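A.B. asks:
Residue numbers (this note's numbering), protein chains in the order written: chain A, 111 to 583; chain B, 12 to 121.
What follows is the structure in structure tokens.
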């Protein structure tokens, strides 16, 4: 290894160190931004080192330089513009889109590498380590590319959020999976070459679409996390193909992160990953409106009464859920919390891990609306506080507050919930008595200390704020 | 199995373990920026695209290279910027708000 090669590899190693340290700094909000910047600096160094490497080697053609530069510039501008313009509520679909293009790029690397080899080395003589990782990269990258695009479309509302199921869909899915694996295996065995790789890629793309279409909107946090893990793996495979350690390391880090988030999200929703992928459950963005015949009596409350109750409480906990994120009512809820805080009420937010449309999304929405970070409490922090809480305001959350989860024998059994029912009183802002996504009655609603305020999250919160101003100003 | 492949696999497995170790400590509050940040990290595929460019000299290769370069650059540039935007909201508010709150209603920080 020459001194030049050593230097390049040392820069790559430093970049990998920056990625790991950057992630480490993300463990607290105070240092998280610096962590991301450190990670970006590592990325810039790795890219710069590669530029130097290409200039030094002189193997790259002039045309390739132009193509690479123009392509990268176009992509970078598109990425920067969309990143600058995106609203925080639209974050999940953008992250999903970036995930798609990352997976797509990884798959294309394997393709490009295969095409390059076709000219020089006879396919049969390629080492299995290259052909195997090429096939894996193309298949995994293909699945995450099309799967993430569909997920992004669903989150953006371009494609309906409800599970899309059609006759024969499942059979087609199996056919696509078998075709992808068969194509990949044939390629590894040394037959078919690049065209066979195309077959595998095409089947993988179809599989990605079919896998994501039947998944409901509420299951999206799990799916995005899973696709993120898949992209990481595809990038690591591209690293194996090119024998490039920065790709292997970064890919593995992302794979690990995605796997952890997938597990956390699935646990928080009380669903197994295979069950989610089997699809068919879940709701669209708009919660079911059909009023169901809930057993027991439900007490209704007027906006004015609710506002008074909140104003005279000592301690209020707000529980925002998927409905609040879907209604984009984060500014209304924070305005209400601020008004209460200003009149001397102790306010905090109890945030369930799956509140929102991707992992941790609710925190971003509330942070965007300027909610003080110190008021954002996660499940473990807020649960011991409920017995000391005067009023809990539940907005657009359903299953995550259902006390039935503590009993065995129902769909939400064992699900980690917010112990809302242990507070002194509860106000639920909800459009109707419709079921949540688990499809069962929420026992919280029939609890004598619970009052229902039937309204849309956004309109209901605005009305509460107006009521509050009328009585407390 | 060659020594080179074995080294690559070792790096892969150890990185997975490091990833599990570091990321399991990230609080749920930061999961969206974390996901977006790791998303940007896999934008390192751009390095792979550049390495690939060195061996490209055919028309199909150039087409592929163009798309791959655009995809990877979008991933890496957009990913880091959007993560930074999110984290900026997390970082500046608490101190600001804490001061506003203790100063009482209507008084903005000094």
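Virtual Cβ for every residue (Gly too), placed ideally from N, Cα, C.
Quantities reported herein were computed from a predicted structural model and do not represent experimental measurements.
How is the alpha helix (DSSP H) around residue 244 of chain A delimited, first residue to last?
C.D. replies: In the first chain, counting from the first residue as 1, residue 244 of chain A sits at position 134. Where residue 244 of chain A is concerned, the enclosing alpha helix (DSSP H) stretches over 238-266.
A.B. asks: Residues in the same chain with beta-carbon distance under 6 Å from residue 468 of chain A, minus the five sequence neighbours each way, listed in chain order, please.
C.D. replies: Sequence index remark: in the first chain, residue 468 of chain A carries index 358 (1-based). These residues qualify, in order along the chain: 202, 331 and 334.
A.B. asks: Can the beta-carbon of residue 425 of chain A be found closer than 8 Å to that of residue 511 of chain A?
C.D. replies: What you label residue 425 of chain A is simply residue 315 of the first chain in a count that begins at 1. What you label residue 511 of chain A is simply residue 401 of the first chain in a count that begins at 1. Cβ atoms of residue 425 of chain A and residue 511 of chain A: not closer than 8 Å.
A.B. asks: Pull up the DSSP beta-bridge partners for residue 540 of chain A, would you.
C.D. replies: Taking the first residue of the first chain as 1, we reach residue 540 of chain A at position 430. Its beta-bridge partners are A/564.
A.B. asks: Using a C-beta cutoff of 8 Å, does residue 495 of chain A count as contacting chain B?
C.D. replies: Locating residue 495 of chain A in the first chain gives position 385, counting from the first residue. Chain B contact via Cβ: absent.
A.B. asks: When the cut-off is 8 Å and only beta carbons count, does residue 84 of chain B lie next to chain A?
C.D. replies: Numbered from 1 along the second chain, position 73 holds the residue referred to as residue 84 of chain B. Judged by the 8 Å Cβ criterion, residue 84 of chain B is in contact with chain A.
A.B. asks: Is the separation between the beta-carbon of residue 320 of chain A and that of residue 263 of chain A shorter than 8 Å?
C.D. replies: The residue you call residue 320 of chain A lines up with position 210 of the first chain. The residue you call residue 263 of chain A lines up with position 153 of the first chain. No, Cβ-Cβ distance for residue 320 of chain A and residue 263 of chain A is not below 8 Å.
A.B. asks: If I measure Cβ to Cβ from residue 105 of chain B and keep anything under 6 Å in the same chain, skipping five residues before and after, which residues do I get?
C.D. replies: As a first step, residue 105 of chain B is located in the second chain; it is residue number 94 there, counting from the start. Any reading at residue 105 of chain B must be qualified, since the residue scores a pLDDT of 46, below 50, and its modelled position is unreliable; no value is offered.
A.B. asks: Give me the subset of the segment 55-68 of chain B whose CB atoms are less than 8 Å from a CB atom of chain A, sorted by chain position.
C.D. replies: Per Cβ criterion, the list reads 55, 56, 57, 58, 59, 60, 61, 62, 63, 64, 65, 66, 67 and 68.
A.B. asks: If residue 562 of chain A sits next to residue 411 of chain A, beta carbons under 8 Å apart, how far is it from one beta carbon to the other, in whole angstroms?
C.D. replies: As a working note, residue 562 of chain A is residue 452 in the first chain. As a working note, residue 411 of chain A is residue 301 in the first chain. Sure, about 7 Å apart at Cβ, within 8 Å.
A.B. asks: Quick one: is residue 80 of chain B near chain A, going by C-beta distance under 8 Å?
C.D. replies: The count along the second chain starts at 1 and reaches residue 80 of chain B at position 69. Chain A contact via Cβ: present.
A.B. asks: Kindly list, in the order they appear in chain A, the residues whose Cβ is closer than 7 Å to that of residue 23 of chain B.
C.D. replies: Position 12 of the second chain, counting from 1, holds the residue named residue 23 of chain B. Simply 346, 358 and 362.
A.B. asks: What's the C-alpha gap between residue 341 of chain A and residue 445 of chain A?
C.D. replies: The residue you call residue 341 of chain A lines up with position 231 of the first chain. The residue you call residue 445 of chain A lines up with position 335 of the first chain. Cα to Cα, residue 341 of chain A sits roughly 39 Å from residue 445 of chain A.
A.B. asks: Tell me, please, whether the CB atom of residue 129 of chain A is closer than 8 Å to any CB atom in chain B?
C.D. replies: Mapped onto the first chain, residue 129 of chain A falls at position 19. Yes, residue 129 of chain A counts as interfacial toward chain B.
A.B. asks: Along the chain, where does the beta strand (DSSP E) that runs through residue 503 of chain A open and close?
C.D. replies: Residue 503 of chain A sits at position 393 when you count from the first residue of the first chain. First-last of the beta strand (DSSP E) with residue 503 of chain A: 501-505.
A.B. asks: Quick one: Cα of residue 377 of chain A to Cα of residue 345 of chain A, how far?
C.D. replies: If you number the first chain from 1, residue 377 of chain A lands on position 267. If you number the first chain from 1, residue 345 of chain A lands on position 235. Distance between the alpha carbons of residue 377 of chain A and residue 345 of chain A: 27 Å.
A.B. asks: Leaving out the 5 sequence neighbours to the left and right, which residues in its chain are closer than 7 Å to residue 37 of chain B when beta-carbon positions are compared?
C.D. replies: Counted from its first residue, the second chain places residue 37 of chain B at position 26. Only 45 meet the Cβ criterion.
A.B. asks: Beta-carbon within less than 7 Å of residue 417 of chain A's beta-carbon, same chain only, minus the 5 sequence neighbours each way: which residues are those?
C.D. replies: Against the first chain, residue 417 of chain A aligns to sequence position 307. Answer for residue 417 of chain A: 574, 577, 578 and 581, listed in chain order.
A.B. asks: Using CA atoms only, rank isn't needed, just tell me which of A/349, A/289 and A/221 is closest to residue 53 of chain B.
C.D. replies: Counting from one through the second chain, the residue named residue 53 of chain B turns up at place 42. The shortest Cα separation from residue 53 of chain B among A/349, A/289 and A/221 belongs to A/349.
A.B. asks: Comparing alpha-carbon positions, which option in A/567, A/127 and A/284 lies nearest residue 439 of chain A?
C.D. replies: In the first chain, the residue the question calls residue 439 of chain A occupies position 329. Per the Cα distances, A/567.
A.B. asks: Using CA coordinates, which residue listed in A/136, A/247 and A/541 is at the minimum distance from residue 212 of chain A?
C.D. replies: Looking up residue 212 of chain A in the first chain gives position 102. For the residues A/136, A/247 and A/541, the minimum Cα distance to residue 212 of chain A belongs to A/247.
A.B. asks: What is the rounded straight-line gap between the Cα of residue 144 of chain A and the Cα of residue 92 of chain B?
C.D. replies: Residue numbering aside, residue 144 of chain A sits at position 34 when the first chain is read from its first letter. Residue numbering aside, residue 92 of chain B sits at position 81 when the second chain is read from its first letter. Each residue's alpha carbon lies about 13 Å from the other.
A.B. asks: Would residue 31 of chain B count as contacting chain A if we go by Cβ distances under 8 Å?
C.D. replies: Working through the second chain from its first residue, we reach residue 31 of chain B at position 20. By this cut-off, residue 31 of chain B is an interface position.
A.B. asks: Output the boundary residues of the beta strand (DSSP E) element that contains residue 459 of chain A.
C.D. replies: Stepping through the first chain from its first residue, residue 459 of chain A is reached at position 349. Taken as a continuous stretch (DSSP letters only), the beta strand (DSSP E) holding residue 459 of chain A covers 456-461.
A.B. asks: So what does DSSP say about residue 120 of chain A, is it helix, strand or coil?
C.D. replies: Position 10 of the first chain, counted from the start, is the residue given in the question as residue 120 of chain A. Helix.
A.B. asks: Buried or exposed: residue 422 of chain A, going by 16 or more other Cβ atoms within 10 Å of its Cβ?
C.D. replies: Residue numbering aside, residue 422 of chain A sits at position 312 when the first chain is read from its first letter. By the neighbour-count rule (16 or more Cβ atoms within 10 Å), residue 422 of chain A is not buried but exposed.
A.B. asks: Short check: CB of residue 148 of chain A to CB of residue 131 of chain A, under 8 Å?
C.D. replies: Taking the first residue of the first chain as 1, we reach residue 148 of chain A at position 38. Taking the first residue of the first chain as 1, we reach residue 131 of chain A at position 21. Result yes, Cβ atoms of residue 148 of chain A and residue 131 of chain A sit closer than 8 Å.
A.B. asks: Can you pull the chain B neighbours of residue 189 of chain A, defined as C-beta to C-beta under 8 Å?
C.D. replies: As a working note, residue 189 of chain A is residue 79 in the first chain. Near residue 189 of chain A (Cβ distances below 8 Å), the residues of chain B are 84, 85, 86, 87, 88, 89, 90 and 92.
A.B. asks: Could you compute how far the alpha carbon of residue 385 of chain A sits from the alpha carbon of residue 225 of chain A?
C.D. replies: Against the first chain, residue 385 of chain A aligns to sequence position 275. Against the first chain, residue 225 of chain A aligns to sequence position 115. C-alpha separation (whole angstroms): 38 Å.
A.B. asks: Could you check what DSSP says for residue 467 of chain A in three-state terms: helix, strand or coil?
C.D. replies: As a first step, residue 467 of chain A is located in the first chain; it is residue number 357 there, counting from the start. Residue state, collapsed to three classes: coil.
A.B. asks: Counting pairs of beta carbons, one from the segment 54-63 of chain B and one from the segment 20-34 of chain B, are three or more of them closer than 8 Å?
C.D. replies: No: the two stretches stay apart, fewer than three of their Cβ pairs being nearer than 8 Å.
A.B. asks: Is there a Cβ of chain A sitting closer than 8 Å to that of residue 99 of chain B, yes or no?
C.D. replies: Reading the second chain from its first residue, position 88 is the one you call residue 99 of chain B. With 8 Å as the cut-off, residue 99 of chain B counts as an interface residue toward chain A.
A.B. asks: Which residue from A/194, A/141, A/190 and A/311 puts its Cα closest to that of residue 256 of chain A?
C.D. replies: To locate residue 256 of chain A, count along the first chain from 1; it is residue 146. With distances taken between Cα atoms, residue 256 of chain A lies closest to A/311.
A.B. asks: List the endpoints of the continuous alpha helix (DSSP H) containing residue 190 of chain A.
C.D. replies: Translated into the one-based positions of the first chain, residue 190 of chain A becomes position 80. 172-195 is the extent of the alpha helix (DSSP H) around residue 190 of chain A.
A.B. asks: Is residue 426 of chain A helix, strand or coil by DSSP?
C.D. replies: Mapped onto the first chain, residue 426 of chain A falls at position 316. In the structure shown, residue 426 of chain A sits in a strand (DSSP, three-state: E or B).
A.B. asks: Take the Cβ of residue 114 of chain A as the centre, count every other Cβ of all protein chains shown within 10 Å, and call the residue buried at 16 or more, exposed below.
C.D. replies: Along the first chain, read from residue 1 onward, the residue named residue 114 of chain A stands at position 4. The residue is exposed, with fewer than 16 neighbouring Cβ atoms inside 10 Å.
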